[in-house]
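Residue numbers (this note's numbering), protein chains in the order written: chain R, 2 to 305; chain V, 2 to 305; chain X, 2 to 305; chain U, 2 to 305.
Where is the CB? At the ideal position from N, CA and C, for every residue including glycine.
Here the structure is a predicted model, which means the values were calculated and not measured.
Encoded as structure tokens, the structure appears first; notes follow it.
4 protein chains.
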Amino acid sequence: MEKKPITIACRMDSERALNLARNIFNFLTKKKSKEVLLETRIAPKIMPHSSIDLEDITADNSEFIIIIGGDGSVLRVVNGLSQKNPPPILGVNIGSIGFLDETFEKRIYNDLEKVLKGDYLIENVSKLTAYLIKNNSEELRLGNALNEILIISSKFSKVLQISIKIDGVFISRSYLDGVIISTSTGSTAYNLSAGGSIVSPKLDIMQITELNPYARTGLKPIIIPINSEVEIRLLRPRLNGKIVIDGQTTIREIQPNSKIRIREAKCYTKFIRLSTSLSLNYYKRLRKKIIGNLRFPLDDSPEE
Amino acid sequence: MEKKPITIACRMDSERALNLARNIFNFLTKKKSKEVLLETRIAPKIMPHSSIDLEDITADNSEFIIIIGGDGSVLRVVNGLSQKNPPPILGVNIGSIGFLDETFEKRIYNDLEKVLKGDYLIENVSKLTAYLIKNNSEELRLGNALNEILIISSKFSKVLQISIKIDGVFISRSYLDGVIISTSTGSTAYNLSAGGSIVSPKLDIMQITELNPYARTGLKPIIIPINSEVEIRLLRPRLNGKIVIDGQTTIREIQPNSKIRIREAKCYTKFIRLSTSLSLNYYKRLRKKIIGNLRFPLDDSPEE
Amino acid sequence: MEKKPITIACRMDSERALNLARNIFNFLTKKKSKEVLLETRIAPKIMPHSSIDLEDITADNSEFIIIIGGDGSVLRVVNGLSQKNPPPILGVNIGSIGFLDETFEKRIYNDLEKVLKGDYLIENVSKLTAYLIKNNSEELRLGNALNEILIISSKFSKVLQISIKIDGVFISRSYLDGVIISTSTGSTAYNLSAGGSIVSPKLDIMQITELNPYARTGLKPIIIPINSEVEIRLLRPRLNGKIVIDGQTTIREIQPNSKIRIREAKCYTKFIRLSTSLSLNYYKRLRKKIIGNLRFPLDDSPEE
Amino acid sequence: MEKKPITIACRMDSERALNLARNIFNFLTKKKSKEVLLETRIAPKIMPHSSIDLEDITADNSEFIIIIGGDGSVLRVVNGLSQKNPPPILGVNIGSIGFLDETFEKRIYNDLEKVLKGDYLIENVSKLTAYLIKNNSEELRLGNALNEILIISSKFSKVLQISIKIDGVFISRSYLDGVIISTSTGSTAYNLSAGGSIVSPKLDIMQITELNPYARTGLKPIIIPINSEVEIRLLRPRLNGKIVIDGQTTIREIQPNSKIRIREAKCYTKFIRLSTSLSLNYYKRLRKKIIGNLRFPLDDSPEE
């Protein structure tokens with residue numbers, strides 16, 4: 002395995018991120034005589050000859066891929082990579098909101114040493130695939146989601162009306178801004194903002210969370226096995242919807258009466274984790290990045 | 002007062018609504034020898050010579066205005082009417098979600114008789130005005146809201162970061178989809194979907210309700226007197242916002258560091274209400290249209 | 002299997018329930034020459050000689066147990082039965098809130114015919130066990146929960162302060178009324194009222210849902226595999242807690258610094274389900290009993 | 002006014018609070034030759050001859066009352082004081098959750114100097130009164146609430162069923178743990194934990210917030226003018242309720258079919274506030290004690 006190159010992807014719009022990419026590139030090429038590849042759009046700024054297109058990167062030609070940025074950058078790269086056999090990801094946070102990342106600027110070189118020594122675990126993460134069915138025609142595959150598939154109104158000020166089926170059983174009909182179908186991985190992202198629950202990555206699930214249902218009368222968040230099939234139908238005459246995958250890809254002009262089906266994807270995303278157990282790694286990231294640490298006086302007691 | 006004409010506004014995209022407009026037009030012209038005006042866009046379909054532009058309609062030239070549709074239609078007309086001295090509104094629901102309406106197709110002729118006899122109350126409703134301040138320059142007036150002013154990200158998949166001041170005091174900073182500043186009238190509309198409280202129209206207030214704050218860490222809904230000033234500042238570099246007034250008017254390309262100020266408007270909207278008291282009228286509409294009627298068994302008791 | 006008796010349990014405080022128990026007793030004894038047993042407390046009202054104590058009922062001496070009442074009755078019986086090898090349950094609703102029940106008064110005889118023919122499925126349901134650790138001493142087993150284990154303040158008006166660990170990792174500290182640790186089965190019960198998510202019974206999980214955390218700053222609901230260990234510690238000096246299991250059993254006077262641990266129970270509860278698939282059975286009960294059916298006009302469309 | 006004594010009330014169960022009470026007592030008697038009174042239960046520990054019963058303290062015999070503790074202590078004293086003409090309150094926090102307090106240990110002597118010079122504002126706070134009506138008999142006055150009146154089930158594990166009327170109009174019927182009717186002052190207390198909105202003290206209101214309604218189907222929080230009348234009726238046969246006023250006074254054994262009415266109280270509570278405006282004082286306490294200060298990176302921007 003040590004003969005494969007390492008790939009670096011990075012935000013374009015941050016000098017700080019690009020500088021870090023350059024330094025990591027130099028660190029890896031010097032220290033380990035490793036071949037290092039760069040995603041096409043940043044290569045001209047660092048080493049033009051080492052360029053590789055995102056869609057060509059696989060586990061066959063990359064030992065792993067370093068992604069410099071926040072969760073947005075990870076999602077962009079995951080959506081851009083080959084879906085079949087992608088390399089493991091090492092996320093490096095540079096100051097944004099980031100839950101998927103494993104390390105950050107100050108710790109990156111130490112952590113890279115560990116990874117190069119093979120001193121890490123792989124977190125294997127399930128994904129979802131969205132399909133579109135127009136007028137009862139055949140299914141059109143739309144793409145894979147690591148975090149969530151979001152179905153929303155095409156006009157912000159016009160509420161959607163949708164019906165939801167699970168495994169072919171009609172569940173409910175609601176007026177709402179939209180609906181989120183998220184993975185465990187995505188449960189701490191938009192799903193949580195919308196009122197859904199946090200779900201351990203050990204549980205392979207889909208979570209259906211409605212976005213601002215009218216008069217709060219909608220379906221409460223519901224969590225089902227990932228091998229279920231969710232079908233959303235757009236009901237409101239003359240109101241199109243749109244589908245947003247991981248906040249990265251938008252499919253517009255979804256017409257009334259279209260159905261969107263969501264099922265488990267046939268591929269995985271792999272994350273490099275630097276802890277003695279994946280469970281410990283998860284709960285610590287959860288506490289640090291999502292839950293935070295309320296500071297109440299520890300000796301507080303009620304008046305008797 | 003009986004010498005002023007009555008005006009009719011109506012949805013264009015519903016034959017049912019246009020037929021009802023035509024029938025009401027005939028009912029009023031025949032029965033009472035009343036002059037009846039029609040908003041410009043529907044006049045060609047009913048009586049071309051009786052046309053009047055929305056922005057020209059005032060309490061001086063219209064005894065009242067009948068609006069046929071749902072809440073969306075009422076909001077469109079309220080936003081299109083002269084802001085200074087608008088006539089009272091009689092909302093006629095034709096099957097959509099409607100909370101502002103007072104009557105519906107089956108009862109409209111009975112109810113019109115009552116109104117023509119003066120057998121009604123006027124509900125006087127406060128509004129909000131939004132102002133834009135770019136680069137600490139002067140305030141630019143954006144428009145008046147009956148229901149709410151919504152500030153959202155210009156890109157659905159990129160969360161806004163905003164700070165909120167009330168009466169000049171810094172209150173909080175949040176990552177979120179957007180923020181709603183609503184009136185009492187708007188408290189049962191988008192504000193309620195987003196988790197805000199229902200507020201009696203007798204209370205003259207603004208309610209600030211955050212839309213899907215990141216990790217649910219945002220400000221809880223807060224209700225303040227309508228003579229307060231709310232200031233929202235867009236903080237995230239390179240991310241524009243947009244402002245949506247009553248779901249009708251959208252102001253785009255609000256740049257980072259812009260401030261939006263919201264204060265009580267200097268004008269009112271008037272609704273015709275057909276009850277013995279405004280309070281009774283409100284609570285009955287609330288129960289019927291928002292709360293609904295859960296049917297639990299009345300003789301249910303716990304096992305002892 | 003057909004040689005085993007059938008057992009009947011029933012609410013005591015409802016004449017209607019007792020009459021139904023009597024009729025079912027007669028139906029079964031006549032029609033099938035079946036032996037029918039009655040839980041001790043109702044036997045005197047129906048057939049004194051056929052009495053059996055709840056704790057003595059097992060799958061060895063009962064083909065199945067009919068429970069007449071609502072969810073409260075099912076929970077009482079499940080908590081009273083032998084925990085080791087309990088018989089399958091057929092719940093008969095008589096008008097209360099009931100999600101666990103499979104049939105109701107009008108359909109009971111038809112459904113009993115099906116069950117007697119073996120025309121049913123068994124839903125095998127995981128449970129939780131609570132343990133108490135005082136002053137770092139040994140674990141004291143408190144009991145098993147089908148729905149949830151609730152830890153609350155002993156004084157309604159004094160908020161608890163607790164810390165939560167999962168698998169030994171500290172997660173959070175909160176001020177709150179209490180905390181619910183529920184199963185999938187319990188996810189639609191108190192957990193849902195408190196803001197937790199609905200979880201498919203196919204997923205073997207624990208859900209931790211905080212009850213009214215102070216200033217809404219608490220942990221959001223979190224869902225973890227059922228083979229996890231949750232540890233709750235009471236932190237507030239001079240404030241006792243209490244533990245309520247399935248709303249049936251209350252353990253009082255839990256002192257500050259006590260720890261409560263929750264793990265998967267080593268026993269199951271079995272429900273008789275009368276559908277072609279457990280999944281279909283679940284989603285239909287969910288829609289009918291929890292979600293309800295909002296009636297919005299189907300031809301509603303936004304004004305254009 | 003300077004001739005009236007100052008009174009001190011204090012937690013009994015905290016040495017730290019009692020020491021502070023002693024020090025403040027000495028500070029006031031020495032420095033200003035003021036007469037200082039002590040609530041009866043703490044007097045023996047400080048100066049037995051200066052004792053006064055809470056219920057005897059009025060604005061006629063006390064210039065103001067210093068309360069040492071947290072919100073619980075303020076609520077205890079407010080409920081124990083003469084309701085007719087109570088003196089203004091200066092709350093001194095000693096480390097607990099406290100929103101009503103104005104000062105704390107480190108700043109108390111500076112702040113006392115200001116108060117003695119008259120350099121303060123008075124916040125005049127409305128309260129609610131609860132009345133009980135058994136079997137349509139006469140109203141029985143139960144007591145006044147500064148924060149909230151809470152109506153809950155007498156058995157924690159049995160949900161209440163209640164109906165709610167406002168100004169005589171039936172609003173809704175729900176299954177729930179309980180219902181909170183709070184003032185603006187109480188809006189940041191239990192009401193907020195239960196999902197209600199924060200309400201500015203400038204608005205004289207009641208907020209009705211349901212506590213864990215069954216399947217989340219209950220009434221959303223509703224805010225009405227304080228001169229409204231709320232009537233709650235207990236509906237579930239054989240299930241008593243109880244009423245808790247400000248977490249201090251509990252009225253038990255409220256029987257099915259009893260009605261509880263809530264109206265504005267005829268008395269006020271006065272707080273000493275040390276700011277240039279009551280509005281500024283409120284928003285600063287709100288930010289500091291309730292909202293907190295999320296620390297997000299200020300230069301965060303989305304990847305382009």
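Between V37 (chain X) and L55 (chain X), the C-beta spacing is not below 8 Å. The C-beta of S74 (chain X) comes no closer than 8 Å to any C-beta of chain R.
Nearest in C-alpha terms to E140 (chain V), of all of V:Y283, V:P6, V:I263, V:L281, is V:I263. In the DSSP assignment, no residue is bridged to N86 (chain V). The beta carbon of V245 (chain X) sits closer than 8 Å to some beta carbon of chain U. In the displayed model, G242 (chain X) falls within a strand according to three-state DSSP. Secondary-structure assignment with DSSP links K166 (chain U) through a beta bridge to U:F171, U:E232.
Judged by pairs of C-beta atoms under 8 Å, the segment 230-248 of chain V touches the segment 167-186 of chain V, as three or more such pairs exist. Your pair P202 (chain V) and E124 (chain V) checks out as a contact, with CB atoms roughly 7 Å apart and the cut at 8 Å. Not one beta carbon of chain V lies nearer than 8 Å to the beta carbon of G242 (chain U). With respect to chain V, the C-beta atom of D168 (chain U) has a partner C-beta closer than 8 Å. Per the C-alpha coordinates, the member of V:V245, V:S280, V:P238, V:D247 positioned closest to S97 (chain R) is V:P238. For I263 (chain U), the beta-bridge partners assigned by DSSP are U:A131, U:V231.
Within the segment 259-288 of chain X, contact with chain R at the beta-carbon level (separation under 8 Å) is assigned to S280, L281, Y284, K285, L287, R288. Near chain V, meaning a CB-to-CB distance below 9 Å, no residue of the segment 129-150 of chain R qualifies. Annotation: I172 (chain V) to L287 (chain U) spans about 8 Å, alpha carbon to alpha carbon.
The alpha-carbon of D61 (chain R) is positioned some 18 Å away from that of T41 (chain R).
Nearest neighbour of M13 (chain V) by Cα position, chosen from V:K35, V:P6, V:L117, V:L39, turns out to be V:L39.
The C-beta of G71 (chain R) has 16 or more other C-beta atoms within 10 Å across all chains shown, which makes the residue buried. Between S155 (chain X) and E149 (chain V), the alpha-carbon positions lie close to 43 Å from each other. Only L212, N213, P214, Y215, A216, R217, T218, G219 from the segment 203-227 of chain X bring a Cβ to less than 9 Å from some Cβ of chain U. If you draw a straight line from the Cα of I252 (chain X) to the Cα of I152 (chain X), it comes to about 10 Å. Under the Cβ criterion (8 Å, minimum of three pairs), the segment 17-24 of chain X counts as touching the segment 88-97 of chain X.
Taking 8 Å as the CB threshold, A18 (chain R) stays off the interface with chain V. Under DSSP, P226 (chain X) takes part in a beta bridge, and its partners are X:I206.
Within chain R, the residues whose beta carbon sits less than 7 Å from that of G248 (chain V) are S158, listed in sequence order. If you ignore the 5 residues before and after L113 (chain R), its C-beta comes within less than 6 Å of no other C-beta in its own chain. Nearest in C-alpha terms to I58 (chain X), of all of X:I90, X:E265, X:T210, X:I273, is X:I90.
Taking E106 (chain R) as reference, the option from R:I134, R:T130, R:L82, R:I68 with the minimal CA-CA separation is R:I68. For the pair L143 (chain R) and A131 (chain R), the CB atoms are nearer than the 8 Å cut-off. Contact between P88 (chain X) and S63 (chain X) holds, with the beta-carbon distance rounding to 4 Å and staying under 8 Å. Contact note: I67 (chain R) does not reach chain V at a C-beta cutoff of 7 Å; the least C-beta distance is about 23 Å. E114 (chain U): member of the alpha helix (DSSP H) spanning 109-117, first to last residue. When 9 Å is used as the limit between beta carbons, I233 (chain U) is near no residue of chain X, the shortest such separation being about 17 Å. A check of alpha carbon separations from T210 (chain U) across U:T270, U:A10, U:I163 identifies U:I163 as the nearest.
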